[in-house]
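What follows is one structure encoded as structure tokens, with my remarks underneath.
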DNA sequence: AGCTATCTGTGACTGCGTTCACAATGTGAA
DNA sequence: TTCACATTGTGAACGCAGTCACAGATAGCT
Ligand SMILES: NC(=O)c1ccc[n+]([C@@H]2O[C@H](COP(=O)([O-])OP(=O)(O)OC[C@H]3O[C@@H](n4cnc5c(N)ncnc54)[C@H](O)[C@@H]3O)[C@@H](O)[C@H]2O)c1
Ligand SMILES: NC(=O)c1ccc[n+]([C@@H]2O[C@H](COP(=O)([O-])OP(=O)(O)OC[C@H]3O[C@@H](n4cnc5c(N)ncnc54)[C@H](O)[C@@H]3O)[C@@H](O)[C@H]2O)c1
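See the structure below:
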């Protein structure tokens, strides 16, 4: 029984489901490494801090089936998620802004997610360019359009100061980028059809500070 | 769909509203610096990439009123948001894990958000402790409970490897921390009444990779 | 002072993500 | 082979964040 395959469901997958699939895959890779070959929805749910029904709905959304009393086949499920999340191809991502955060990101993802690879980085500081950092070549920002077009890069992480973020996004959109990982604490204006995922640590820190003051359990 | 998750329902302010208020404040501080004294809901909405009705609802939620035809008083609104988000006091935050990401965070927030301050950092690597980094003292992890209790710290950022995150959270909870900024790509199990805001760059990158493959749009 | 344009405040509504609840399933045991 | 029952698959119900639409308000204009 083959589970999971490409199908015309992509546009029906919500952004929330995509996010949880990413989490499920990470958890499943550990489960698989530990030797388990089957897993129940309630087990995955516990690991993901979600409900069993949520897990089953998500797997239903990608057309993956389990079997009653045996649960889901771990390795097949990993393969199915791989097929959905990145079409089983390696996605090239550009990084703009090789500062403290940009360097941490290059270091972290260098060998960690095989399906995603930072293939080019850009900065406007002459001291930071024209070298290779964690396997990623750093170019001057002026060459961004050229490299992105040449390599057909469609995803980019923005790690420049907030004041430069919108301008940077505008350039990248024109060069062909249609999916952004935005670390700047501002919201980007992009054309319809362009995806932006905001990783706003500033807002997150403010939220954490707020809830630190809430009286326990009221 | 909510970015953070709280075990009980505590305030009438939703976590989404708290997040947007943080964004509004950041935008308003720029508006104020530029000299404007009043602002309309549709102007704030444009800057925040939201709708005017959304902005008005959020301000209504904190009991802030504007005036027809004049809009909202910028500085009063900033003060109102300050009062709500952190009770007008400086919130002390602990950092656990002074690696690449932890150091970037200490550097970034050192002088940027006056209402939040990293007052103590912890690491288990002896080479990284017993020094001051960007104004934050770094202690060995064994002293975490002692320092957190002594200083009454209730918020913490977790920037240790994923395999250490749950164990770290458990320790911090016992020491009195009830609000977490979690950078590890796992979901934390915490007691009811404890807040966790996940900043999951791994999931975010997977989402960005997914949408980079979507054929032109949505 | 009265009029008007336009913004705010908010009850009602909508859409959608999540959860519920249970019928369908098929496995493993006897 | 038969049976028992834990688990899956999913239509329906639910809850709530977000949006609509308009009544109410007020500053500026004549
Ligand atoms: N470091 C953190 O922990 C942290 C936390 C919250 C938010 N952020 C956000 O992430 C972004 C990066 O933060 P950081 O700490 O790495 O900043 P940083 O100042 O260390 O690095 C910014 C880098 O961007 C480069 N740059 C500036 N303008 C550019 C342009 N127009 N084109 C190309 N490169 C340009 C600079 O040369 C520098 O190398 C900022 O938007 C910041 O608000 C960072
Ligand atoms: N760096 C990034 O850009 C990035 C991206 C995505 C996710 N993350 C996550 O953020 C976290 C930190 O990432 P990083 O790149 O800074 O890792 P890192 O390896 O550079 O730093 C981890 C630090 O934690 C310390 N540590 C380990 N176990 C500890 C413990 N039990 N108690 C106290 N300290 C301990 C280590 O000594 C080290 O200094 C990880 O969970 C990682 O998955 C980081």
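Protein chains in written order, with this note's numbering: chain A, 407 to 624; chain B, 407 to 624. The beta-carbon is built from N, C-alpha and C at its ideal position, and this holds for glycine as well.
Check your understanding: So residue 457(B) is in the alpha helix (DSSP H); what residue range does that whole segment cover?
Key -> For the purposes of this step, residue 457(B) is taken as residue 51 along the second chain, with counting starting at 1. Premise fails: residue 457(B) is in no alpha helix (DSSP H) and is neither H nor E.
Practice item. Put residue 418(B) into one of helix, strand or coil per three-state DSSP. Key: On the second chain, position 12 is the one that residue 418(B) refers to. Secondary structure at residue 418(B): coil, using DSSP grouped into helix, strand and coil.
**Study point:** Boundaries of the beta strand (DSSP E) in which residue 544(B) is found, first to last residue
**Key:** Along the second chain, read from residue 1 onward, the residue named residue 544(B) stands at position 138. Judged by DSSP secondary structure, residue 544(B) falls within the beta strand (DSSP E) whose first and last residues are 542-546.
Point to revise | residue 502(B) and residue 565(B) closer than 8 Å at C-beta | key: Taking the second chain and counting its residues from 1, the one referred to as residue 502(B) is at position 96. Taking the second chain and counting its residues from 1, the one referred to as residue 565(B) is at position 159. Yes, Cβ-Cβ distance for residue 502(B) and residue 565(B) is below 8 Å.
Review point. Any idea if residue 557(B) is buried or exposed, counting beta-carbon neighbours within 10 angstroms, 16 or more meaning buried?
Key: As a working note, residue 557(B) is residue 151 in the second chain. With fewer than 16 Cβ atoms within 10 Å of its Cβ, residue 557(B) is classed as exposed.
Review point. Say the cut is 7 Å; is the CB of residue 502(A) nearer than that to a heavy atom of ligand 1?
Key: Working through the first chain from its first residue, we reach residue 502(A) at position 96. Yes, since a heavy atom of ligand 1 falls inside the 7 Å radius drawn around the Cβ of residue 502(A).
Review point. So what does DSSP say about residue 445(A), is it helix, strand or coil?
Key: Taking the first chain and counting its residues from 1, one reaches residue 445(A) at position 39. Residue 445(A): strand per DSSP, three-state reduction.
Check your understanding: Is residue 489(B) near residue 508(B), with beta carbons less than 8 Å apart?
Key -> Start at 1 with the first residue of the second chain, and residue 489(B) comes out as number 83. Start at 1 with the first residue of the second chain, and residue 508(B) comes out as number 102. Taking 8 Å as the Cβ cut-off, residue 489(B) and residue 508(B) do not qualify as a contacting pair.
**Study point:** Euclidean distance between Cα positions of residue 597(B) and residue 475(A)
**Key:** On the second chain, residue 597(B) is found 191 positions in, with the first residue counted as 1. On the first chain, residue 475(A) is found 69 positions in, with the first residue counted as 1. Each residue's alpha carbon lies about 31 Å from the other.
Check your understanding: Less than 7 Å between the CB of residue 589(A) and some heavy atom of ligand 1, yes or no?
Key -> Mapped onto the first chain, residue 589(A) falls at position 183. Checking every heavy atom of ligand 1 against the Cβ of residue 589(A), one is found closer than 7 Å.
Point to revise | Any chain A beta carbon closer than 8 Å to residue 428(B) | key: As a first step, residue 428(B) must be located in the second chain, where it is residue number 22. Closer than 8 Å: yes.
Exercise for review: Starting from the N-terminal side, write out each stretch of the beta strand (DSSP E) that is 3 residues or longer and does not extend beyond the stretch 569-600 of chain A.
Suggested key: Here the runs fully enclosed are 585-588.
Review point. Just reading off the beta strand (DSSP E) that residue 529(B) is part of, what are its end residues?
Key: Residue mapping note: residue 529(B) aligns to position 123 of the second chain, counting from 1. Following the DSSP letters along the chain, one finds residue 529(B) inside the beta strand (DSSP E) bounded by residues 522-529.
Check your understanding: Cα separation between residue 532(B) and residue 546(B)?
Key -> As a first step, residue 532(B) must be located in the second chain, where it is residue number 126. As a first step, residue 546(B) must be located in the second chain, where it is residue number 140. Going by C-alpha positions, residue 532(B) is about 7 Å away from residue 546(B).
Exercise for review: Please go through the same chain and pick out, in chain order, the residues whose beta-carbon is closer than 8 Å to the beta-carbon of residue 457(A), but skip the five residues on each side of it.
Suggested key: Along the first chain, read from residue 1 onward, the residue named residue 457(A) stands at position 51. Taking C-beta separations shorter than 8 Å and ignoring five residues to either side along the sequence, the partners of residue 457(A) in its chain run 451, following chain order.
Review point. Name the chain B residues whose beta carbon is nearer than 8 Å to that of residue 595(A)?
Key: By one-based count along the first chain, residue 595(A) stands at place 189. Neighbours of residue 595(A) on chain B, chain order: 455.
Practice item. With DSSP as the reference, please indicate the residues paired to residue 472(A) in a beta bridge. Key: Within the first chain, numbered from 1, the residue matching residue 472(A) stands at position 66. Answer by DSSP bridge pairing: none, since residue 472(A) is not bridged.
Exercise for review: Under the assumption that residue 491(B) contacts residue 616(A) (Cβ atoms under 8 Å), give the Cβ distance between them as a whole number of angstroms.
Suggested key: As a working mapping, residue 491(B) is identified with position 85 in the second chain. As a working mapping, residue 616(A) is identified with position 210 in the first chain. Indeed they touch by this definition, with Cβ atoms about 5 Å apart.
Practice item. Flag residue 609(A) as yes if its beta-carbon sits less than 8 Å from any beta-carbon of chain B, otherwise no. Key: Taking the first chain and counting its residues from 1, the one referred to as residue 609(A) is at position 203. Cβ-Cβ to chain B under 8 Å: yes for residue 609(A).
Practice item. Give every residue of the same chain whose Cβ lies closer than 7 Å to the Cβ of residue 437(B), excluding the five residues on either side of it in the sequence, and list them in chain order. Key: Mapped onto the second chain, residue 437(B) falls at position 31. When the five nearest sequence neighbours on each side are left out, the beta carbons in the same chain lying within less than 7 Å of the beta carbon of residue 437(B) are those of 445 and 480, in order along the chain.
Check your understanding: Just to check, is the beta-carbon of residue 549(B) closer than 7 Å to a non-hydrogen atom of ligand 2?
Key -> Start at 1 with the first residue of the second chain, and residue 549(B) comes out as number 143. Outside the cutoff, so no.
Point to revise | Distance between residue 579(A) and residue 630(B) (C-alpha atoms, nearest Å) | key: The displayed coordinates of chain B run from 407 to 624. Any statement about residue 630(B) would go beyond what the structure contains.
Point to revise | Pair within 8 Å by beta-carbon distance, residue 584(A) and residue 600(A) | key: One-based indexing of the first chain puts residue 584(A) at position 178. One-based indexing of the first chain puts residue 600(A) at position 194. The answer is yes: Cβ separation under 8 Å.
Practice item. Report yes or no: is there a C-beta of chain A within less than 8 Å of the C-beta of residue 533(B)? Key: The residue you call residue 533(B) lines up with position 127 of the second chain. Judged by the 8 Å Cβ criterion, residue 533(B) is not in contact with chain A.
Review point. Ends of the alpha helix (DSSP H) at residue 509(A)?
Key: The count along the first chain starts at 1 and reaches residue 509(A) at position 103. Per DSSP, residue 509(A) is one residue of the alpha helix (DSSP H) stretching across 506-515.
Point to revise | Any chain B beta carbon closer than 8 Å to residue 541(A) | key: Walking along the first chain from the start, residue 541(A) turns up at place 135. It does not; no Cβ of chain B falls within 8 Å.
Exercise for review: Using only alpha-carbon positions, find the residue among 569(A), 550(A) and 568(A) that is nearest to residue 561(A).
Suggested key: As a working mapping, residue 561(A) is identified with position 155 in the first chain. Of the candidates 569(A), 550(A) and 568(A), the one whose C-alpha sits nearest the C-alpha of residue 561(A) is 550(A).
Practice item. Using a cut-off of 9 Å between C-beta atoms, extract the partners of residue 424(B) located in chain A. Key: Locating residue 424(B) in the second chain gives position 18, where the first residue counts as 1. The contacting residues are 609, 612, 613, 616 and 617.
Practice item. May I ask you to report which of helix, strand or coil DSSP gives residue 610(B)? Key: Looking up residue 610(B) in the second chain gives position 204. Residue 610(B): helix per DSSP, three-state reduction.
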